[in-house]
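Some notes on the structure that comes next.
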Amino acid sequence: MFTGIVEELGEIVAKEDLADAARFTVRGPLVTSDAKHGDSIAVNGVCLTVVDVVDGGAFTADVMKETLDRSSLGQLAPGSPVNLERAAAIDSRLGGHLVQGHVDATGTVLARTPSENWTVVRILLPAEIARYVVEKGSITVDGVSLTVSGLGGERGDEWFEISLIPTTLSLTTLGTAAPGSVVNLEVDVIAKYVERLQNAR
Numbered sequence: 231m232f233t234g235i236v237e238e239l240g241e242i243v244a245k246e247d248l249a250d251a252a253r254f255t256v257r258g259p260l261v262t263s264d265a266k267h268g269d270s271i272a273v274n275g276v277c278l279t280v281v282d283v284v285d286g287g288a289f290t291a292d293v294m295k296e297t298l299d300r301s302s303l304g305q306l307a308p309g310s311p312v313n314l315e316r317a318a319a320i321d322s323r324l325g326g327h328l329v330q331g332h333v334d335a336t337g338t339v340l341a342r343t344p345s346e347n348w349t350v351v352r353i354l355l356p357a358e359i360a361r362y363v364v365e366k367g368s369i370t371v372d373g374v375s376l377t378v379s380g381l382g383g384e385r386g387d388e389w390f391e392i393s394l395i396p397t398t399l400s401l402t403t404l405g406t407a408a409p410g411s412v413v414n415l416e417v418d419v420i421a422k423y424v425e426r427l428q429n430a431r
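The numbering used here applies: residue 231 is where the sequence shown begins, and numbers increase by one.
As structure tokens, then:
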């Protein structure tokens with residue numbers, strides 16, 4: 231479990247393509263400072279398991295084909311920046327919202343509108359998760375816990391907006407995500423549980 235508060239802007243330093251998976255080496259001196267084999271680290275919002283901690287403040291993680299297909303991780307290459315967060319500790323503050331690290335869908339950045347103190351980013355909302363997204367609700371974009379600041383578009387061609395403060399712009403990959411960029415989306419899990427319970431009735 232994570233909170234969506236990015237701890238570190240890391241970097242992909244190597245990618246080894248396997249038959250039905252890939253092994254990534256990710257540099258992140260902060261998140262690897264206390265990491266060990268089997269720990270969970272979110273990479274752009276995807277929960278990955280540490281295989282090894284290597285010299286230079288990096289770790290390796292194996293990513294199966296399904297995850298590569300369902301998330302933006304398949305597009306990463308050496309040099310790609312990534313958002314990193316260690317799993318939340320039971321006694322820590324919940325600064326964002328409950329994030330599982332399970333990507334529900336990917337979205338595409340449609341536009342960026344900068345202003346003096348923040349930037350509004352508009353993202354295409356995939357039809358399969360649109361019903362879970364509400365204005366002022368929580369959503370995770372590339373592992374960053376954010377508040378939906380706007381919704382619009384027609385059914386099947388909907389979008390949502392997030393408003394990014396300078397800290398988010400400078401400390402996460404969202405600061406440089408240009409129109410056309412693919413981002414990982416995770417909706418608030420509570421909405422999915424509520425829907426399941428209602429359908430069961």
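A virtual CB, placed ideally from N, CA and C, is assigned to each residue, including glycine.
On a predicted model such as this, the values are computed, not experimentally measured, just so you know.
Is it right to say Gly-286 is buried, meaning 16 or more other beta carbons lie within 10 angstroms of its own, or is it exposed?
-> The count along the sequence shown starts at 1 and reaches residue 286 at position 56. With fewer than 16 Cβ atoms within 10 Å of its Cβ, Gly-286 is classed as exposed.
Given Ser-375 as reference, the closest of Leu-328, Val-412, Ile-359 once Cα atoms are compared = Here the question's residue 375 lines up with position 145 in the sequence shown. Closest option to Ser-375, Cα to Cα, is Leu-328.
In chain order, each beta strand (DSSP E) run of at least 3 residues that lies wholly inside the stretch 308 to 382 = 311 to 316, 335 to 344, 349 to 355, 368 to 371
Considering only residues of the same chain and omitting the five flanking positions on each side of Ala-341, which have a CB-CB separation below 7 angstroms?
-> Taking the sequence shown and counting its residues from 1, one reaches residue 341 at position 111. Arg-352, Pro-409, listed in sequence order.
Using the rule of at least 16 other Cβ atoms within 10 Å of the residue's Cβ for burial, across every protein chain shown, is Gly-240 buried or exposed?
-> Taking the first residue of the sequence shown as position 1, residue 240 is located at position 10. By the neighbour-count rule (16 or more Cβ atoms within 10 Å), Gly-240 is buried.
Closest Cα partner of Val-261 within the set Thr-336, Tyr-423, Arg-426, Ile-235 | Here residue 261 corresponds to residue number 31 of the sequence shown, with the count starting at 1. Nearest option by C-alpha distance: Ile-235.
Enumerate in chain order the residues of its own chain whose CB-to-CB distance from Glu-365 is below 6 angstroms, with the five nearest sequence positions on each side excluded.
-> Reading the sequence shown from its first residue, position 135 is the one you call residue 365. So the list reads Val-378, Leu-381, once near-sequence residues are dropped.
How is the alpha helix (DSSP H) around Ile-420 delimited, first residue to last?
-> Taking the first residue of the sequence shown as position 1, residue 420 is located at position 190. Run containing Ile-420: 419 to 430, per the alpha helix (DSSP H) assignment.
Mind the definition here: the stretch 238 to 255 touches the stretch 312 to 319 only if three or more C-beta pairs lie below 8 angstroms; say whether that holds.
-> yes
Tell me whether Asp-321 is buried or exposed, calling it buried when 16 or more other Cβ atoms sit within 10 Å of its Cβ.
-> Counted from its first residue, the sequence shown places residue 321 at position 91. Exposed: under 16 other Cβ atoms inside 10 Å.
Residue range of the beta strand (DSSP E) that includes Thr-290 = To locate residue 290, count along the sequence shown from 1; it is residue 60. Run containing Thr-290: 288 to 294, per the beta strand (DSSP E) assignment.
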